[in-house]
Structure formats: structure tokens, C-alpha cells
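This report concerns only the one structure given below.
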Amino acid sequence: MNLFRLTGDMMHLFSILVILLKIRATKSCRGISLKTQELYALVFVCRYLDLLYSFVSVYNSVMKVTFLATAFSIIRYMRYDKVVRQTYDREQDTFRYGFLVAPCFVLALLINHKFTLTEVLWTFSIYLEAVAILPQLVLMQRTQNIDNLTAHYVALLGGYRALYIVNWVYRYFTERHYKQWIVWISGLIQTAIYADFFYFYTIAWKSNKRLQLPA
Numbered sequence: 009m010n011l012f013r014l015t016g017d018m019m020h021l022f023s024i025l026v027i028l029l030k031i032r033a034t035k036s037c038r039g040i041s042l043k044t045q046e047l048y049a050l051v052f053v054c055r056y057l058d059l060l061y062s063f064v065s066v067y068n069s070v071m072k073v074t075f076l077a078t079a080f081s082i083i084r085y086m087r088y089d090k091v092v093r094q095t096y097d098r099e100q101d102t103f104r105y106g107f108l109v110a111p112c113f114v115l116a117l118l119i120n121h122k123f124t125l126t127e128v129l130w131t132f133s134i135y136l137e138a139v140a141i142l143p144q145l146v147l148m149q150r151t152q153n154i155d156n157l158t159a160h161y162v163a164l165l166g167g168y169r170a171l172y173i174v175n176w177v178y179r180y181f182t183e184r185h186y187k188q189w190i191v192w193i194s195g196l197i198q199t200a201i202y203a204d205f206f207y208f209y210t211i212a213w214k215s216n217k218r219l220q221l222p223a
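Just so you know, the sequence shown maps onto residues 9 to 223 in this note's numbering.
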């Protein structure tokens, strides 16, 4: 494992821990999109099915289990905790994620490396992850209720994806058979989605002001 992937993994993990910290410390999930959290849970379930039949390393297995456990923990808090769920922006978090799930699944059926159940589901998770942040970005744009922890959460996710692109470039030149164009294209699309957010995030950080996204 190279440094770029390791750092990207840690940023991904920290992004999730930031959300859990926010929920547990403030007893509030205001500004967090349940739709995005459920999409990420679906991504992890489809991608990590290999936990049932394959072992790569202890690190690999621990990280996968951690992502699954934390994703479902966030959903549990937002849906079932009596205090936390009252702070959920239900009326604003209305992005119809069926418009993301269905096209990604059809695309996975049509464009994949190998037409098997596990490979199609893995490919579906790659496509879906590229757009899973959209409900969160839309919610932030609608409410303008963007506290620092939520902004840092999205920034860490974007940083994780950017570092993974560097990781793929590194692996392309150092691993002879590493050519996964589906991952590359999806990763570039995902990073592009974050571009607008990072522009306003950087401005807010430099001016030491609260993040505001254009309506």
C-alpha cells in the first residue's frame, strides 16, 4: 500500500468520524443528509461482499467492517434516536435518490469488467459513490445551515477522493497490470462534483467565515 492510498483511507475514515462526533456531541443531525448516508451504506454493502469469501489483509478487512458499521450507526441515529431524529431536516432533504440508484445500476449492468453478480454489484458501487454526495450538497445549498463539522465532513470526503486519484496514477506507473478505467472515470466525475464546494470552502476558510453556498 502506498502513502496516497493510506492517507486517502484515513481522510475517508475521519470524515465519517466527524459526523459521528457531531451527532453524539450535539445530539443533532441538522444539516446532514440521511439520503447521502443511506447511499453510502448501499455503496459499502455492494462493494464489500467479498468479506464473505475473500481475505486480503487484516487492514483491508478492518477498514471494510469499520465503514459498514459506522455507516449504519449514523443511519440508526438519524432514524431511530428519539432526540437526534427530531433535528433531521426532513422537509429539505428531499432529493429523490432513485434518480441516482436506478441509472447507476443499469449502467453497471451494461458497462462492467465481468458480467457476474459480485462484479456488477461492485461496479454499481463505484458508479453510485461518484454521485452519492449530491443529496448532501443539495441540502447544504437549500438550507445554508452549514456548521463547521458538516463542512469539514464534505471537505474530507473530497480530499479522500482526490488522493485516491493520485493513488491510481501512482499505481498505473508502478503496477504493470493496474488498469481500471471504470474506477478512474468515476473518480474523476466524483472529484468534479466537489469542485464548486471546494471553491467556496476555501474562500470561507481564508476569510474565517461560515461557509455559504450559492442558492
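Note that the Cβ used here is the ideal one computed from N, Cα and C, for glycine as well.
Computed from a prediction, not measured in an experiment: that's the story for all the values here.
Legend entry - Distance CB(L171)-CB(T15) smaller than 8 Å: yes
Legend entry - Spatial distance of T151 from Q100 (CA atoms): 7 Å
Legend entry - Cβ-based neighbour list, G195, same chain, cut-off 8 Å, excluding 5 preceding and 5 following: A138, R169, Y172, I173 and W176
Legend entry - Same chain only: Cβ atoms within 7 Å of F132, ignoring 5 sequence neighbours per side: C54, C112, F113 and A116
Legend entry - Selected residue, minimal CA-CA separation from Y96, among R87, F103 and R104: R87
Legend entry - Buried versus exposed, by CB contacts within 10 Å (16 or more), Y180: exposed
Legend entry - Helix, strand or coil at K35 [DSSP, three-state]: coil
Inset, instruction - Tell me whether I119 is buried or exposed, calling it buried when 16 or more other Cβ atoms sit within 10 Å of its Cβ. - result: exposed
Inset, instruction - Can you give me the Cβ contacts of R218 inside the same chain, cut-off strictly under 6 Å, excluding the 5 residues immediately before and after it? - result: The answer is none, since no qualifying residue turns up.
Inset, instruction - Could you tell me whether the Cβ atoms of Y48 and K72 are closer together than 8 Å? - result: Inclusion of Y48 and K72 in the CB contact set at 8 Å is not warranted, their separation being larger than that value.
Inset, instruction - Taking H160 as part of the alpha helix (DSSP H), name the residues at either end of that continuous run. - result: Annotation for H160: the continuous alpha helix (DSSP H) segment containing it runs N156 to T182.
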